[in-house]
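For the sequence shown, numbering that gives the first Met the number 0 begins at 0 and goes up steadily by one. One structure is given below, encoded as structure tokens.
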Amino acid sequence: MEEKECHWGACVWVPDPEAVWVSAQLLQNYRPGDQHIPIQLTDGRMEYPVLPPAGLPPLGNPDILEGENDLTALTFLHEPAVLHNLRVRFLDYSSIYTYCGIVLVALNPYEQLPIYGEEVIDAYSGQDMADMEPHIFSVAEETYRTMIRSIEKNQSIIISGESGSGKTVSAKFTMRYFAVVGGAAQQTSVEEKVLASNPIMEAIGNAKTTRNDNSSRFGKYIEIGFGCKGDIIGANMRTYLLEKSRVVFQAAQERNYHIFYQLCASRDLPELRTLKLDSAENFHYTNQGQDVHIFGTDDVVELERTRNAFTILGVQPDQQMEIFHILAAILHLGNVNIQASGRGGDRSYIDVQANDRSLAIFAKLLGVEGAQMAQWLCHRRLAVGGEMLVKPMTGQQANEARDALAKHVYEQLFTWTVQRLNSSLRTHREQPKSFIGVLDIYGFETFDRNSFEQFCINYANEKLQQQFNRYVFQLEQEEYLREELPWNRIEFSDNQPCIALIEGQLGLLDLLDEECRMPKGSNENWARKLYDQHLNHSPHFLKPRMSNSAFIVVHFADMVQYECDGFLDKNRDTVFEEPINILRASQSELVAELFQKESAGGSLPNSSLANGSIRSGKRAHREHKLTVGFQVTCNALSNQQVVKILSLYTPQSDLEERVTLNFIRIVQVSAKGQPPQLLMDVRRVFPVMFPYLPPPQVSAAQLEIPESLKISFLRRV
Numbered sequence: 000m001e002e003k004e005c006h007w008g009a010c011v012w013v014p015d016p017e018a019v020w021v022s023a024q025l026l027q028n029y030r031p032g033d034q035h036i037p038i039q040l041t042d043g044r045m046e047y048p049v050l051p052p053a054g055l056p057p058l059g060n061p062d063i064l065e066g067e068n069d070l071t072a073l074t075f076l077h078e079p080a081v082l083h084n085l086r087v088r089f090l091d092y093s094s095i096y097t098y099c100g101i102v103l104v105a106l107n108p109y110e111q112l113p114i115y116g117e118e119v120i121d122a123y124s125g126q127d128m129a130d131m132e133p134h135i136f137s138v139a140e141e142t143y144r145t146m147i148r149s150i151e152k153n154q155s156i157i158i159s160g161e162s163g164s165g166k167t168v169s170a171k172f173t174m175r176y177f178a179v180v181g182g183a184a185q186q187t188s189v190e191e192k193v194l195a196s197n198p199i200m201e202a203i204g205n206a207k208t209t210r211n212d213n214s215s216r217f218g219k220y221i222e223i224g225f226g227c228k229g230d231i232i233g234a235n236m237r238t239y240l241l242e243k244s245r246v247v248f249q250a251a252q253e254r255n256y257h258i259f260y261q262l263c264a265s266r267d268l269p270e271l272r273t274l275k276l277d278s279a280e281n282f283h284y285t286n287q288g289q290d291v292h293i294f295g296t297d298d299v300v301e302l303e304r305t306r307n308a309f310t311i312l313g314v315q316p317d318q319q320m321e322i323f324h325i326l327a328a329i330l331h332l333g334n335v336n337i338q339a340s341g342r343g344g345d346r347s348y349i350d351v352q353a354n355d356r357s358l359a360i361f362a363k364l365l366g367v368e369g370a371q372m373a374q375w376l377c378h379r380r381l382a383v384g385g386e387m388l389v390k391p392m393t394g395q396q397a398n399e400a401r402d403a404l405a406k407h408v409y410e411q412l413f414t415w416t417v418q419r420l421n422s423s424l425r426t427h428r429e430q431p432k433s434f435i436g437v438l439d440i441y442g443f444e445t446f447d448r449n450s451f452e453q454f455c456i457n458y459a460n461e462k463l464q465q466q467f468n469r470y471v472f473q474l475e476q477e478e479y480l481r482e483e484l485p486w487n488r489i490e491f492s493d494n495q496p497c498i499a500l501i502e503g504q505l506g507l508l509d510l511l512d513e514e515c516r517m518p519k520g521s522n523e524n525w526a527r528k529l530y531d532q533h534l535n536h537s538p539h540f541l542k543p544r545m546s547n548s549a550f551i552v553v554h555f556a557d558m559v560q561y562e563c564d565g566f567l568d569k570n571r572d573t574v575f576e577e578p579i580n581i582l583r584a585s586q587s588e589l590v591a592e593l594f595q596k597e598s599a600g601g602s603l604p605n606s607s608l609a610n611g612s613i614r615s616g617k618r619a620h621r622e623h624k625l626t627v628g629f630q631v632t633c634n635a636l637s638n639q640q641v642v643k644i645l646s647l648y649t650p651q652s653d654l655e656e657r658v659t660l661n662f663i664r665i666v667q668v669s670a671k672g673q674p675p676q677l678l679m680d681v682r683r684v685f686p687v688m689f690p691y692l693p694p695p696q697v698s699a700a701q702l703e704i705p706e707s708l709k710i711s712f713l714r715r716v
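Here it is as structure tokens:
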């Protein structure tokens with residue numbers, strides 16, 4: 000705050016323990032050396048301390064700028080000014096969108112709004128972004144027009160935000176926009192197929208979590224190909240980091256993937272009776288969250304949508320039934336009764352003579368021999384001294400092997416489905432001249448208990464943040480210096496040290512893979528190696544005071560404590576070869592196809608080195624960075640557009656100074672130079688006082704929402 004502007008009557012912002020920031024008015028001029036300055040609040044007068052570290056309070060913007068639809072137009076750019084402007088737009092204008100230069104900030108209203116119809120698409124089509132009110136369609140139109148003007152220069156839209164903030168819905172609206180404006184004279188089958196892929200991917204890749212009833216549990220990057228005339232001629236989808244562990248385990252109040260509940264709810268349909276399904280409450284793989292229903296969702300209707308989408312994409316009813324057979328078989332596999340015998344339960348078995356119903360149905364649905372599968376679910380082959388020996392597994396080992404098989408079957412089916420969709424979406428008319436990519440990926444995650452899944456998700460977000468740092472802060476400011484423009488360099492927090500901690504030599508991933516290769520590797524040994532290698536050596540690595548089996552990573556967005564338990568098993572994700580061989584010989588054509596291309600061997604280890612889930616993400620990042628770098632170097636107007644999703648459900652505790660200041664610096668850069676892209680998890684930027692994880696014993700009716708945050712279109716749920 001400039002001292003000369005700190006005069007009597009000036010509007011300022013002061014911190015507040017409940018409202019985060021409140022407006023106040025200065026009651027006298029500030030004089031250098033003053034330790035306090037009197038201010039007038041709505042509820043009285045106070046002496047505001049102006050000594051470090053607080054300093055002078057931030058100045059308020061002129062009233063004429065309240066509700067500006069572009070944050071870069073604000074005179075004063077700091078946290079309370081930006082937050083207040085967003086709040087005014089949401090409260091006074093019921094507007095869920097705000098520009099930040101050419102970037103869009105969006106709030107999830109948690110209800111359907113009538114602002115996405117074809118008449119709205121027509122209104123934005125062909126218009127300049129600066130001439131239109133902020134909207135997801137304005138971002139899509141700007142991207143589309145830039146692609147048309149710069150033919151053969153690919154564009155990207157990156158959608159970021161916390162879980163439940165509306166990223167997937169925004170991605171769908173973006174694709175709908177392209178389907179309409181890129182449909183030439185009339186809607187063609189290509190546009191229809193692009194849109195039809197959404198309900199299928201939601202069915203097999205989305206699930207209910209504690210924060211979101213329709214949370215994407217995988218990352219998705221869709222390239223929509225366009226011809227010379229700007230019409231859609233094809234599409235291609237890449238997926239990343241499927242949360243396989245959800246297939247066999249769900250936390251309290253969460254669900255498995257939607258498709259399982261859709262099938263269970265529709266079990267009485269004549270064509271589905273052969274699946275021998277029961278209520279979802281009666282399957283181990285769907286009842287662990289103890290909440291099998293989603294309020295306001297009819298799973299029977301949702302299955303019909305899924306089947307219709309399959310039909311549009313050319314998957315015939317008989318092949319759909321093969322898919323459903325595999326999905327139902329996974330549920331029955333989870334109910335197979337594996338028993339322990341011997342001293343200390345060191346042997347496991349499945350009582351085939353007792354006609355284990357779940358095993359029998361599983362075998363019939365997949366077209367395999369039940370007795371063979373029972374044998375190799377409880378035993379494994381070992382090569383010892385040139386001989387092959389059969390070793391029984393303990394009850395725990397057999398259950399883990401069963402779960403690993405279930406996850407592997409689901410992963411193979413998921414991959415096959417994506418490939419099948421891509422085959423249908425692929426153009427047969429001509430090669431695309433350019434494409435627009437839409438990235439919809441997990442936002443930064445932190446829960447009460449964080450494991451391998453959150454580690455991978457947050458690592459991916461670190462890589463996205465690094466790309467953001469490079470193209471917004473580093474290259475943009477270097478461009479100003481090259482052009483000798485007057486510019487005060489804005490410092491930013493480089494997250495490369497955190498990335499090096501994770502992926503560098505002897506980093507967290509290297510040590511994890513090394514421990515997985517050890518014959519007697521354990522989570523405990525891995526934790527000790529982490530402490531020895533990184534504690535007191537990396538500022539981004541900490542050890543919890545009360546735990547010897549956890550570690551803390553200081554990410555760009557927050558500090559996250561990860562529990563080491565389960566990391567090795569999830570990283571190995573070993574599937575033994577014998578059950579796979581049985582599936583390869585299946586009488587079902589689709590089942591056999593799923594496993595024909597897998598390599599032979601004693602087991603199928605899916606470490607982070609082997610399965611490519613993390614490493615392939617790094618390759619894709621490099622490819623994307625090359626494209627982006629080329630575009631920026633060539634001074635393309637905008638090779639990336641970013642939609643920022645602002646969630647109302649954000650706790651005050653997320654008001655981290657280092658993150659907030661980082662975003663304000665982004666706005667400052669945007670106001671001066673209009674950078675081509677911004678990447679950030681907005682949940683960590685604009686905290687709003689509304690707990691997204693209330694304790695179970697607290698009902699919604701007991702939650703108190705400050706008047707300043709009661710948005711007209713928000714509904715309690």
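A virtual CB, placed ideally from N, CA and C, is assigned to each residue, including glycine.
Report the three-state DSSP secondary structure of residue i (helix, strand or coil).
i	result
asparagine 211	coil
proline 538	coil
asparagine 547	coil
glycine 333	helix
asparagine 610	Only weak support exists for where asparagine 610 lies, its pLDDT of 40 falling under 50; the value from the coordinates is given anyway. It is coil, neither helix nor strand.
glutamate 399	helix
alanine 250	coil
tyrosine 479	helix
leucine 510	helix
serine 244	helix
tyrosine 256	strand
If you drop the 5 nearest sequence neighbours on each side, which residues of the same chain put their C-beta closer than 7 Å to that of residue i?
i	result
proline 14	Trp20
alanine 397	Ile337, Ser347, Leu376, Cys377
glutamine 595	Arg583
isoleucine 293	Lys207, Asp212
glutamine 287	Phe248, Gln249
Whose C-beta lies closer than 6 Å to the C-beta of residue i among residues of the same chain, with five residues either side of it excluded?
i	result
proline 694	In this prediction, proline 694 scores a pLDDT of 34, lower than 50, which makes its location untrustworthy; the coordinate-derived value is nonetheless stated afterwards. Nothing listed; no residue qualifies.
leucine 541	Ile551
aspartate 277	none
arginine 266	Leu276
glutamine 453	Glu444
Return yes when at least one heavy atom of the ligand MN lies under 7 Å from the C-beta of residue i, else no.
i	result
isoleucine 120	Although the ligand MN was asked about, the structure shown includes no ligands whatsoever.
From the DSSP output, which residues share a beta bridge with residue i?
i	result
arginine 44	Gln39
glutamine 24	Cys10, Gln39
proline 391	His378
lysine 794	Since the first and last residues shown for the chain are 0 and 716, residue 794 lies out of range.
threonine 97	Val104
glycine 224	Gly233, Phe434
asparagine 449	Tyr561
aspartate 15	Val19
alanine 339	Ser347
asparagine 205	Ser215
Could you tell me whether the Cβ atoms of residue i and residue j are closer together than 8 Å?
i	j	result
glutamine 252	aspartate 298	no
isoleucine 158	leucine 365	no
isoleucine 135	isoleucine 203	no
methionine 146	isoleucine 435	yes
serine 345	threonine 296	The displayed chain sequence assigns aspartate, not serine, to residue 345. For aspartate 345 and threonine 296, no; Cβs fall outside 8 Å.
alanine 477	phenylalanine 555	Before going on, a small fix: residue 477 reads as glutamate here, not alanine. In this structure, phenylalanine 555 does not lie closer than 8 Å to glutamate 477 by Cβ.
alanine 80	proline 57	yes
cysteine 515	leucine 589	no
Quick one: what's got a C-beta closer than 8 Å to residue i's C-beta in the same chain, skipping five residues either side?
i	result
aspartate 33	Val49
asparagine 84	Asn60, Leu64, Glu65, Gly66, Glu67, Leu70, Leu73, Thr97
serine 162	Thr208, Arg210, Asn211, Ser214, Tyr441, Gly442, Glu444
histidine 283	Gly333, Asn334
Open item on the list: Would you call the segment 227-235 in contact with the segment 418-432, where contact means no fewer than 3 C-beta pairs closer than 8 Å?
Closed with: yes
TODO: Check whether the segment 376-383 touches the segment 548-559, counting contact only when three or more Cβ pairs, one atom from each stretch, lie closer than 8 Å.
DONE: no
Task: the segment 187-198 contacting the segment 207-218, beta-carbon criterion three pairs below 8 Å - done: no
Open item on the list: Would the segment 452-469 count as touching the segment 496-503 if we require 3 or more Cβ pairs under 8 Å?
Closed with: yes
Task: the segment 304-322 / the segment 391-408 touching (three or more Cβ pairs under 8 Å) - done: no
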